[in-house]
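Visitor: From first to last, the protein sequence lines stand for chains A and B.
So that you can map any letter, position 36 of the first sequence is 36 in the numbering used here, and since no number is skipped, the others follow by simple counting.
So that you can map any letter, position 167 of the second sequence is 376 in the numbering used here, and since no number is skipped, the others follow by simple counting.
Cβ coordinates follow ideal geometry from the N, Cα and C atoms, glycine included.
Protein chains: 2
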Amino acid sequence: MSGNRYRVLELAVLGLLHETPMHGYELRKRLNALLGTFRAFGYGSLYPCLKDLLGLGLIAEEQPEGPAGPARQRSGRRSKIVYRLTADGKERLQDLLAESGPAAWEDDGFGVHFAFFGQTRADIRLRILEGRRSRLEERLDGVRAAMARTRERLDSYTLELHRHGLESVEREVRWLNELIASERESGSVPPPPSARHAENGTSADSHPG
Amino acid sequence: MSGNRYRVLELAVLGLLHETPMHGYELRKRLNALLGTFRAFGYGSLYPCLKDLLGLGLIAEEQPEGPAGPARQRSGRRSKIVYRLTADGKERLQDLLAESGPAAWEDDGFGVHFAFFGQTRADIRLRILEGRRSRLEERLDGVRAAMARTRERLDSYTLELHRHGLESVEREVRWLNELIASERESGSVPPPPSARHAENGTSADSHPG
DNA sequence: GTTAGCATGTAAGGAGTTACATGATTTT
DNA sequence: AAAATCATGTAACTCCTTACATGCTAAC
Numbered sequence: 001m002s003g004n005r006y007r008v009l010e011l012a013v014l015g016l017l018h019e020t021p022m023h024g025y026e027l028r029k030r031l032n033a034l035l036g037t038f039r040a041f042g043y044g045s046l047y048p049c050l051k052d053l054l055g056l057g058l059i060a061e062e063q064p065e066g067p068a069g070p071a072r073q074r075s076g077r078r079s080k081i082v083y084r085l086t087a088d089g090k091e092r093l094q095d096l097l098a099e100s101g102p103a104a105w106e107d108d109g110f111g112v113h114f115a116f117f118g119q120t121r122a123d124i125r126l127r128i129l130e131g132r133r134s135r136l137e138e139r140l141d142g143v144r145a146a147m148a149r150t151r152e153r154l155d156s157y158t159l160e161l162h163r164h165g166l167e168s169v170e171r172e173v174r175w176l177n178e179l180i181a182s183e184r185e186s187g188s189v190p191p192p193p194s195a196r197h198a199e200n201g202t203s204a205d206s207h208p209g
Numbered sequence: 210m211s212g213n214r215y216r217v218l219e220l221a222v223l224g225l226l227h228e229t230p231m232h233g234y235e236l237r238k239r240l241n242a243l244l245g246t247f248r249a250f251g252y253g254s255l256y257p258c259l260k261d262l263l264g265l266g267l268i269a270e271e272q273p274e275g276p277a278g279p280a281r282q283r284s285g286r287r288s289k290i291v292y293r294l295t296a297d298g299k300e301r302l303q304d305l306l307a308e309s310g311p312a313a314w315e316d317d318g319f320g321v322h323f324a325f326f327g328q329t330r331a332d333i334r335l336r337i338l339e340g341r342r343s344r345l346e347e348r349l350d351g352v353r354a355a356m357a358r359t360r361e362r363l364d365s366y367t368l369e370l371h372r373h374g375l376e377s378v379e380r381e382v383r384w385l386n387e388l389i390a391s392e393r394e395s396g397s398v399p400p401p402p403s404a405r406h407a408e409n410g411t412s413a414d415s416h417p418g
């Protein structure tokens with residue numbers, strides 16, 4: 001009943017439910033629309049996750065409090081179960097959004113964390129973007145070194161695969177460079193002297209364009 | 210002991226051992242060099258896989274047949290276990306290389322299959338490339354539709370994520386277009402008799418932008 | 001009156017990953 | 001003698017995925 005797995009789903013669900021309460025089916029559609037090309041979840045992933053989050057008390061079934069008493073919504077279609085964030089859930093969401101370590105910049109987590117940058121503090125955003133850039137640059141170094149070592153015995157298809165792979169990663173690095181520059185430009189974030197962030201309110205309006 | 214999981218690893222291991230026998234540690238390095246940016250495996254993945262393939266009789270420990278009898282190689286470092294492909298393993302490898310369905314063009318499998326295109330029949334190569342292109346175009350359609358539906362409630366970060374994601378996929382489609390054109394040019398592949406397409410090869414250049 | 005879409009779930013398993021444990025050999 | 005690298009392995013776990021099972025409601 002307790003014991004939460006679901007690192008990506010947890011943030012996505014809490015983040016979406018923070019905007020507005022929803023039932024599972026709709027949540028899944030918004031989820032996949034949110035994550036776009038990065039990821040797609042089926043019901044078989046979402047519902048067990050909702051069950052867990054419910055068990056942990058991070059979300060709760062919304063009781064519509066009609067005059068006829070607290071019955072599940074039978075007005076629309078089938079009796080839907082509308083979930084909302086609890087106080088614990090909000091706290092948990094804030095913790096997840098404050099994450100700026102590997103969980104937020106590795107392949108798995110980066111997409112979701114980025115998708116919720118609008119709700120993320122400016123200094124955290126910057127740390128995640130920079131963390132991911134470092135990660136990708138490490139990967140570039142590793143692959144380039146490996147290629148140099150084994151260059152002679154790779155056939156043309158393998159070389160082409162590598163070329164395309166490297167180009168993709170380089171392209172993402174350039175994208176991150178632009179985002180980082182844009183984050184810095186939009187003021188409010190002094191390059192962290194030690195860890196100190198200035199209090200600013202305009203955290204979410206800065207998109208690169 | 211039997212029962213093979215490991216869809217990606219199996220092909221990669223058999224394909225590499227087809228070139229030359231190797232021990233696990235070296236295999237892992239060549240594996241990661243081969244797959245480049247696409248994937249990286251640790252020993253915890255490779256060794257159990259080798260155990261399975263051994264159990265299935267697809268690979269075998271190479272006996273060096275020294276004059277002192279069949280002992281494990283103690284010449285180099287620690288007693289290495291050098292694996293080689295068996296006859297069954299070669300057959301299995303041919304089956305895997307002949308695969309041209311979803312397993313070969315989905316995200317997971319495509320990289321490995323492509324890496325071994327040098328050992329793959331020309332018509333199979335073409336089918337895999339076209340299959341992947343279709344898959345990506347479906348994905349583009351799906352995401353663009355989803356974006357159109359929920360455009361208004363996405364913030365600028367989410368939009369930026371989608372823009373970058375779409376661009377990445379579009380870029381891969383263009384790459385596939387070039388590869389497919391190049392495969393057709395290099396002769397030897399008559400367009401499959403049943404699936405008839407108009408006599409221009411440039412069917413897929415329709416990317417917006 | 002039947003398909004298509006809405007809506008919720010479970011059981012079993014996939015394809016690895018992480019952390020740990022061990023020891024030999026070469027380099028510094 | 002210490003550190004790095006070579007070399008092999010296991011147990012427990014992860015984070016979903018696939019296939020299945022169910023039923024309601026709107027549209028054709």
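Start and end of the beta strand (DSSP E) containing Ile-337(B)?
Guide: For the purposes of this step, residue 337(B) is taken as residue 128 along the second sequence, with counting starting at 1. Unbroken run through Ile-337(B) is the alpha helix (DSSP H), 331-359; no beta strand (DSSP E).
Visitor: Considering just the uninterrupted stretch of the beta strand (DSSP E) at Ala-269(B), what are its terminal residues?
Guide: Taking the first residue of the second sequence as position 1, residue 269(B) is located at position 60. 268-270 is the span of the beta strand (DSSP E), which, as asked, contains Ala-269(B).
Visitor: In angstroms, rounded to a whole number, what distance separates the CA positions of Glu-394(B) and Met-231(B)?
Guide: The residue labelled residue 394(B) in the question sits at position 185 within the second sequence. The residue labelled residue 231(B) in the question sits at position 22 within the second sequence. So the two alpha carbons sit approximately 37 Å from each other.
Visitor: With Leu-9(A) and Leu-34(A) assumed to form a contact (beta carbons below 8 Å), what rounded beta-carbon distance in angstroms separates them?
Guide: Counting from 1 along the first sequence, the entry for residue 9(A) is found at position 9. Counting from 1 along the first sequence, the entry for residue 34(A) is found at position 34. Not confirmed; about 12 Å, so no contact.
Visitor: Short of 6 Å in beta carbon distance, which residues of its chain neighbour Ala-237(A), apart from the five on each side in sequence? Order them along the chain.
Guide: In the structure displayed, chain A extends from 1 to 209; residue 237(A) sits before or after that span and is not available.
Visitor: Kindly indicate the opening and closing residues of the beta strand (DSSP E) around Tyr-215(B).
Guide: To locate residue 215(B), count along the second sequence from 1; it is residue 6. No beta strand (DSSP E) contains Tyr-215(B), which DSSP labels as neither H nor E.
Visitor: What residues in its chain sit with their C-beta under 7 Å from that of Gly-109(A), if we drop five residues either side in the sequence?
Guide: Position 109 of the first sequence, counted from the start, is the residue given in the question as residue 109(A). Contacts found: Arg-7, Val-8 and Ala-103.
Visitor: How far does the beta strand (DSSP E) with Leu-161(A) in it extend, from its first residue to its last?
Guide: By one-based count along the first sequence, residue 161(A) stands at place 161. Unbroken run through Leu-161(A) is the alpha helix (DSSP H), 156-185; no beta strand (DSSP E).
Visitor: Taking Phe-114(A) as the query, report the chain B residues whose CB atoms sit under 7 Å from its CB, ordered along the chain.
Guide: Taking the first sequence and counting its residues from 1, the one referred to as residue 114(A) is at position 114. Going along chain B in sequence order, the residues near Phe-114(A) (Cβ under 7 Å) are Tyr-366 and Leu-370.
Visitor: Leaving out five residues on either side along the sequence, give the residues of the same chain with a beta carbon under 6 Å from the beta carbon of Leu-161(A).
Guide: Here the question's residue 161(A) lines up with position 161 in the first sequence. Cβ neighbours of Leu-161(A) beyond the five flanking positions: none.
Visitor: Measure the Cβ-Cβ separation of Leu-223(B) and Gly-298(B) and say whether it is below 7 Å.
Guide: In the second sequence, the residue the question calls residue 223(B) occupies position 14. In the second sequence, the residue the question calls residue 298(B) occupies position 89. In contact: Leu-223(B) and Gly-298(B) (Cβ atoms closer than 7 Å).
Visitor: Closest to Ala-249(B) by C-alpha separation, out of Leu-259(B), Cys-258(B), Pro-257(B) and Lys-238(B), would be which residue?
Guide: As a first step, residue 249(B) must be located in the second sequence, where it is residue number 40. Looking at the Cα atoms, Lys-238(B) is the closest of the given residues.
Visitor: Are any of the Cβ atoms in chain A nearer than 7 Å to that of Trp-314(B)?
Guide: Sequence index remark: in the second sequence, residue 314(B) carries index 105 (1-based). Chain A, which has no Cβ nearer than 7 Å to the Cβ of Trp-314(B), makes this no.
Visitor: Could you name the residues of chain A that His-373(B) contacts, counting a contact when the two beta carbons are closer than 7 Å?
Guide: Numbered from 1 along the second sequence, position 164 holds the residue referred to as residue 373(B). The answer, in chain order, is Trp-175.
Visitor: Is it right to say Gly-327(B) is buried, meaning 16 or more other beta carbons lie within 10 angstroms of its own, or is it exposed?
Guide: On the second sequence, position 118 is the one that residue 327(B) refers to. Burial call: exposed.
Visitor: Can you check whether the C-beta of Ala-242(B) is within less than 7 Å of a C-beta belonging to chain A?
Guide: The sequence position of residue 242(B) within the second sequence is 33, counting from 1. Interface residue, yes.
Visitor: Are there 16 or more other CB atoms within 10 angstroms of the CB of Tyr-252(B), so buried, or fewer, so exposed?
Guide: Numbered from its first residue, the second sequence carries residue 252(B) at position 43. Classification of Tyr-252(B): exposed, given that the 10 Å Cβ count is below 16.
Visitor: Using a Cβ-Cβ distance cut-off of 7 Å, determine whether Arg-283(B) contacts chain A.
Guide: The residue given as residue 283(B) occupies position 74 in the second sequence. Low confidence applies to Arg-283(B): its pLDDT is 45, below 50, so where it sits in the model is not reliable, and the reading given next is rough at best. Judged by the 7 Å Cβ criterion, Arg-283(B) is not in contact with chain A.
Visitor: Determine, using beta carbons only, whether Ala-355(B) comes closer than 7 Å to chain A.
Guide: One-based indexing of the second sequence puts residue 355(B) at position 146. So yes, Ala-355(B) belongs to the interface.
Visitor: Suppose the cutoff is 8 Å on Cβ atoms and the five residues either side in sequence are ignored; what does the same chain contact list for Leu-16(A) look like?
Guide: In the first sequence, the residue the question calls residue 16(A) occupies position 16. Same-chain partners within the cutoff: Met-22, Leu-27, Arg-30, Leu-31 and Leu-34.
Visitor: How is Arg-293(B) classed by DSSP in three states: helix, strand or coil?
Guide: As a working note, residue 293(B) is residue 84 in the second sequence. Looking at Arg-293(B) - three-state DSSP - the assignment turns out to be strand.
Visitor: Kindly say whether Thr-359(B), judged by its beta-carbon, lies nearer than 7 Å to any beta-carbon of chain A.
Guide: Stepping through the second sequence from its first residue, residue 359(B) is reached at position 150. Chain A contact via Cβ: present.
Visitor: Compare the C-alpha of Thr-367(B) against each of Gly-142(A), Arg-84(A), Phe-116(A) and Leu-93(A) and name the closest.
Guide: Your numbering for residue 367(B) matches position 158 in the second sequence. It is Phe-116(A).
Visitor: If we ignore side chains and look at the alpha-carbon of each, how far apart do Arg-214(B) and Gln-303(B) end up?
Guide: For the purposes of this step, residue 214(B) is taken as the residue at position 5 of the second sequence. For the purposes of this step, residue 303(B) is taken as the residue at position 94 of the second sequence. C-alpha separation (whole angstroms): 18 Å.
Visitor: On the criterion of 16 or more Cβ atoms from any shown chain inside 10 Å, does Glu-91(A) qualify as buried, or is it exposed?
Guide: Here residue 91(A) refers to the residue found at position 91 of the first sequence. Counting Cβ neighbours within 10 Å, Glu-91(A) comes out exposed, since fewer than 16 surround it.
Visitor: Among Ile-81(A), Arg-171(A), Glu-61(A) and Ser-134(A), which one has its Cα closest to the Cα of Tyr-25(A)?
Guide: Residue 25(A) sits at position 25 when you count from the first residue of the first sequence. The shortest C-alpha separation from Tyr-25(A) is found at Ile-81(A).
Visitor: Hey, could you find the ends of the alpha helix (DSSP H) Pro-102(A) is sitting in?
Guide: Mapped onto the first sequence, residue 102(A) falls at position 102. First-last of the alpha helix (DSSP H) with Pro-102(A): 102-105.
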